[in-house]
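With the working numbering, letter number 370 in the sequence shown gets 534, and the count goes up by one each step, no holes. Positions of the beta carbon are idealized from the N, C-alpha and C atoms, including for glycine. Notes to accompany the following structure.
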Amino acid sequence: MGSLIAISAASPATAASGITRQIALAGTGSPVTREYVPSSDTLSAPELRGIDGGPAVPEFNGIIPASTREGSSTGSTGAAPRLKTSFEGLNMFQQRFARGGNQFTVEPPDQGLCVGNGYIVETVNDVFNVYNSSGVSQLAANNVGGAVDLNSFFGYPPAINRSTGVFGQSVTDPSCLYDSQTRRFFVVALTLERKPNGPLTLVNHLDLAVSTTSNPTGLWKIYKVDVTNDGSNPAPQNACPCIGDYPHIGADANGFYITTNAYPWTAVSSEFAGAQIYAFSKRQLASGPASVSVTRIDTWNAVNVPSDAGPKQPGFTVWPSVSAEVSDEVGENGTEFFMSSNAADEATHPIAGIGGNYVSNQIVVWSLSNTKSLDRKTPSLNLTNKVLQVNTYAIPRRAEQPGSGNAPGDDTPQGKCINDTTTPTPFGTGCWNIIFFSEPAHNEVVSRLDSNDTRIQQVMFADGKLWGALGTAVSFDSNPAHNKAGIAYFIVKVGDEDDGLNASIVRQGTYGVAGKNLLYPAIGVTESGRGVVAFTLVSATDFPSAAYASIDAKNGIGAVRIAAAGAATDDGFTSYKSQVGDPPRTRWGDYGAAAVDGDSIWIASEYIAAACDYKKWGGSFFPDGTGTFGRCGGTRAALANWSTRISKITP
Numbered sequence: 165m166g167s168l169i170a171i172s173a174a175s176p177a178t179a180a181s182g183i184t185r186q187i188a189l190a191g192t193g194s195p196v197t198r199e200y201v202p203s204s205d206t207l208s209a210p211e212l213r214g215i216d217g218g219p220a221v222p223e224f225n226g227i228i229p230a231s232t233r234e235g236s237s238t239g240s241t242g243a244a245p246r247l248k249t250s251f252e253g254l255n256m257f258q259q260r261f262a263r264g265g266n267q268f269t270v271e272p273p274d275q276g277l278c279v280g281n282g283y284i285v286e287t288v289n290d291v292f293n294v295y296n297s298s299g300v301s302q303l304a305a306n307n308v309g310g311a312v313d314l315n316s317f318f319g320y321p322p323a324i325n326r327s328t329g330v331f332g333q334s335v336t337d338p339s340c341l342y343d344s345q346t347r348r349f350f351v352v353a354l355t356l357e358r359k360p361n362g363p364l365t366l367v368n369h370l371d372l373a374v375s376t377t378s379n380p381t382g383l384w385k386i387y388k389v390d391v392t393n394d395g396s397n398p399a400p401q402n403a404c405p406c407i408g409d410y411p412h413i414g415a416d417a418n419g420f421y422i423t424t425n426a427y428p429w430t431a432v433s434s435e436f437a438g439a440q441i442y443a444f445s446k447r448q449l450a451s452g453p454a455s456v457s458v459t460r461i462d463t464w465n466a467v468n469v470p471s472d473a474g475p476k477q478p479g480f481t482v483w484p485s486v487s488a489e490v491s492d493e494v495g496e497n498g499t500e501f502f503m504s505s506n507a508a509d510e511a512t513h514p515i516a517g518i519g520g521n522y523v524s525n526q527i528v529v530w531s532l533s534n535t536k537s538l539d540r541k542t543p544s545l546n547l548t549n550k551v552l553q554v555n556t557y558a559i560p561r562r563a564e565q566p567g568s569g570n571a572p573g574d575d576t577p578q579g580k581c582i583n584d585t586t587t588p589t590p591f592g593t594g595c596w597n598i599i600f601f602s603e604p605a606h607n608e609v610v611s612r613l614d615s616n617d618t619r620i621q622q623v624m625f626a627d628g629k630l631w632g633a634l635g636t637a638v639s640f641d642s643n644p645a646h647n648k649a650g651i652a653y654f655i656v657k658v659g660d661e662d663d664g665l666n667a668s669i670v671r672q673g674t675y676g677v678a679g680k681n682l683l684y685p686a687i688g689v690t691e692s693g694r695g696v697v698a699f700t701l702v703s704a705t706d707f708p709s710a711a712y713a714s715i716d717a718k719n720g721i722g723a724v725r726i727a728a729a730g731a732a733t734d735d736g737f738t739s740y741k742s743q744v745g746d747p748p749r750t751r752w753g754d755y756g757a758a759a760v761d762g763d764s765i766w767i768a769s770e771y772i773a774a775a776c777d778y779k780k781w782g783g784s785f786f787p788d789g790t791g792t793f794g795r796c797g798g799t800r801a802a803l804a805n806w807s808t809r810i811s812k813i814t815p
């Protein structure tokens, strides 16, 4: 065991103001749809969009014990969080059959959640809904519970027209935020342009929608930021055009921020062109003008830690913070804080894209100061970062679920269908004929879930502290094969001073539960410093479940609580080698979400909400079967069965 990252302390690094350009208003959108008749789900090929995939990295073969309290604080006392409300959010059926079924089956969902003015807005790949506090959709009723596809919301043709075979834009990685200061909702997604016959054009842009009032069911203004050529990498083979992957959002008193990970389209592994930061005037966006200013800062060579590019690393997943109280202005002219990690190849091997061990004992804290200048025509911003030494963290193991490694049974119907060579169907003997033209191998097993890599997840600024977490391996004995997926969390006291960024660890920990896996943490913290961390819990005896625990600076993370127990195994198409190649990478996540609403915190995580047996899944395509193939009463699609859970917690 040991980190590739240098152990010596790194001095703070700063960057210039960035490049400012004007972005024209692209149009307007609204979450309005109508009743559609769902299309057929009798598919002959997987619906994986190529950009969502990628090879899994080797599993960590070391020991990282669950830690005890570290650091010191006079923070709040621990108290059991109270589950006030919980309901099923968007699910695979709604995703697949929105817009008349002219959609793809997509994994993973990528969780967006924001709350304000009595509304709960949820957005995932690739649908959108608005609820009241009881979980009732506030959008026009339709056959998918009010859900609207993101292509409709952003004004695009359908993702796939199943009558003509014509492709539309591919919208992915959604996030949302409610800003109480401007009383506006913000939704951001990455959009990939496609040719009508399917291939990507390589042009991609961030689509930023801003509500025109505090009511998210009304009109939104839409701006599009082209990110195709944003990124740096000195290796000729790694030149842009790039994809602005994994966008995430934050805000302070003055600005609204989007960060991306820029990858060259030529990348074959994790060749990387640096995290990009896009800064907007929040007040300008809220006014909905004909054009807005955006300032981009490239984090290439920004971190004073060695990499295969030289003496410095690029920033990677530099996640902007969401403030519990957005009107708080830190520093004389405003500061936005960010957090990132540096165990991944993107940080350690941005030129080669491979070669790291995904182990580190450092995180990076960032500040963007003078954010009040975003209201000027030419902003003058200063980006600073500081590398902090922390407990070792490492890439978590893939997470077993009930039956992992065994042949799928009746409760994992897609997997069983692929292996089935005997059931009569209208397309031939053997269920596999329903979803394949060519006969696959019949040796699929129940998968293990992807537990994320070591990138930082949602970041909060509250109580004068920066709060972040990431997935890590965690050990409960001396055998690395017994490692589970756990959570490394970091609570950092931050301030912006005349001589640079002041950042120090208040508390950190490596959190896990013996025999269980905790996936994709998302932290929400109130202004008083009381918080909740949301995640998926799964194990050999637990179906993927929506779970949470308290967090504060005095006690760290508290006991695990279940918001909604999982009902079945994950049965998505990315679990099966006949669908995506060998070995398959069962996609989960890619992130959860938490949103602060006064003294309460709303959370959302992926889970499996409904069970469906083999006969019901086969429907009328099976002997003596009834119902529509693959839909299981409107709880799933033929090729996937994920759902999301939204809960209100009072910590």
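Nearest to Y442 by C-alpha distance, out of R751, G414 and G452, is G414. Using a 10 angstroms sphere on the CB of G762, the tally of other CB atoms stays under 16, which defines it as exposed.
In this structure the segment 241–258 does not touch the segment 537–545; the number of beta carbon pairs closer than 8 Å is below three.
For S396, the CB contacts under 6 Å within the same chain, skipping 5 residues up- and downstream, are A437, G438, D462 and W464 in chain order. The three-state secondary structure of V391, taken from DSSP, is coil. Classified as buried, A508 has 16 or more neighbouring CB atoms from the shown chains inside 10 Å of its CB. Looking from the CA of Q743, the closest CA among H606, F786 and K629 belongs to H606. In the three-state reduction of the DSSP assignment, N402 falls in the helix class. Just so you know, the alpha carbons of P514 and P478 end up roughly 8 Å apart. Per DSSP, the beta bridge partners of V288 are V291. When C-beta atoms of the segment 558–565 are compared with those of the segment 639–654, three or more pairs fall below 8 Å, so the two segments count as touching. In the three-state scheme derived from DSSP, where H, G and I count as helix and E and B as strand, A678 is classed as coil. CA-CA distance, P363 to F331, rounds to 9 Å. Burial check for S668: the Cβ neighbour count within 10 Å stays below 16, so the residue is exposed. Ranking Y410, P590 and Q333 by CA distance to the CA of F785 puts P590 first.
Between the C-alpha atoms of I527 and I655 there is a straight-line separation of about 11 Å. Secondary structure of N468 (DSSP, three-state): coil. For L247, the enclosing beta strand (DSSP E) stretches over residues R246 to N255. In this structure, the CA atom of V760 is about 7 Å from the CA atom of V689. In this structure, C340 lies away from C406, with their beta-carbon atoms at least 9 Å apart. Around the beta carbon of S602, a 10 Å sphere encloses fewer than 16 other beta carbons of the protein chains shown; the residue is thus reported as exposed. Sorting W781, V696, Y421 and P272 by C-alpha distance to the C-alpha of T814 places V696 at the top. The three-state reading of DSSP puts K779 in helix, counting H, G and I together. A straight-line Cα-Cα distance of about 11 Å links V312 and E286. Ranked by Cα distance from L372, the first of V658, G191 and S807 is G191. Looking at N468, G659, K812 and T700, the one whose alpha-carbon comes closest to that of G676 is T700. Positions of the beta strand (DSSP E) runs, each at least 3 residues long and wholly inside the segment 712–792, are given as 725–728, 757–761 and 764–771 in order along the chain.
Contact fails between the segment 724–734 and the segment 778–798, because fewer than three Cβ pairs, one in each stretch, are under 8 Å apart. Using a Cβ-Cβ distance cut-off of 8 Å, the segment 745–755 and the segment 790–801 are not in contact, since fewer than three pairs of beta carbons, one from each stretch, lie closer than that value.
Secondary structure note for I527: its beta strand (DSSP E) is the uninterrupted segment V523 to S533.
DSSP, reduced to helix, strand and coil, places N546 within a strand of the structure shown. Rounded to whole angstroms, F444 and Y387 show a C-alpha spacing of 11 Å. With fewer than 16 other beta carbons inside 10 angstroms of its own, A304 counts as exposed. Q401 counts as exposed, since fewer than 16 other beta carbons sit within 10 angstroms of its beta carbon. In the assembly as shown, S298 is an exposed residue. Its beta-carbon has fewer than 16 other beta-carbons within 10 Å. Take G798, set aside five residues on each side of it, and the residues of its chain with a beta-carbon closer than 8 Å to its own are F257, in chain order.
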